[in-house]
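Read the structure below first, then the notes.
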């Protein structure tokens, strides 16, 4: 009789363990659905973020190109201004030596203007 009581008690304990394991399995299944849906939502947000980052990189590259174009335009205007100043100085030069120095500097400035004009034309596609 003692064997029957021990076997019955072991069967009851085993049945309780099966009930606990079954409950945990069914209750954790709904948690997996929630976790899966959250992971899917995060994946979609990550794809949106990647697209936004790619668009931002493209806009940044375009902005850098525009900044370089503006810098070249500024340099061209500066050299044209210097050319006008040298030309004015050349017209008002007192002696021949000063006039020749001004002509040499004017030639260098005009060469720079020519090079930068060609560079700007190539950038703007002219």
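Numbering (the numbering used here), first residue to last: -3 to 122. All residues carry an ideal CB built from backbone N, CA and C; glycine is no exception. Note that the structure is a prediction, hence the values are computed from the model and not measured.
Report the three-state DSSP secondary structure of residue 58 (helix, strand or coil).
For the purposes of this step, residue 58 is taken as the residue at position 62 of the chain shown. Helix at residue 58.
Whole-angstrom C-beta distance between residue 71 and residue 112, which should lie under 8 Å:
What you label residue 112 is simply residue 116 of the chain shown in a count that begins at 1. What you label residue 71 is simply residue 75 of the chain shown in a count that begins at 1. Yes, residue 112 and residue 71 are in contact; Cβ-Cβ is about 6 Å, under 8 Å.
Is it true that the CB of residue 60 sits closer than 8 Å to the CB of residue 116?
Position 120 of the chain shown, counting from 1, holds the residue named residue 116. Position 64 of the chain shown, counting from 1, holds the residue named residue 60. No; because the gap between Cβ atoms is not below 8 Å, this pair is not in contact.
Return the CA-CA distance between residue 114 and residue 108, expressed in angstroms with no decimal places.
Looking up residue 114 in the chain shown gives position 118. Looking up residue 108 in the chain shown gives position 112. About 10 Å.
Buried or exposed, going by whether 16 or more other CB atoms sit within 10 Å of the CB of residue 8?
The sequence position of residue 8 within the chain shown is 12, counting from 1. Burial call: exposed.
Can you round the beta-carbon distance between residue 118 and residue 102 to whole angstroms, since I take them to be within the 8 Å contact cut?
Counted from its first residue, the chain shown places residue 118 at position 122. Counted from its first residue, the chain shown places residue 102 at position 106. In fact, because the Cβ distance is near 25 Å, the residues do not count as touching under 8 Å.
Beta-carbon separation (whole angstroms), residue 98 vs residue 82, contact threshold 8 Å
Here residue 98 is taken as the residue at index 102 of the chain shown, counted from 1. Here residue 82 is taken as the residue at index 86 of the chain shown, counted from 1. Correct: roughly 5 Å between the Cβ atoms.
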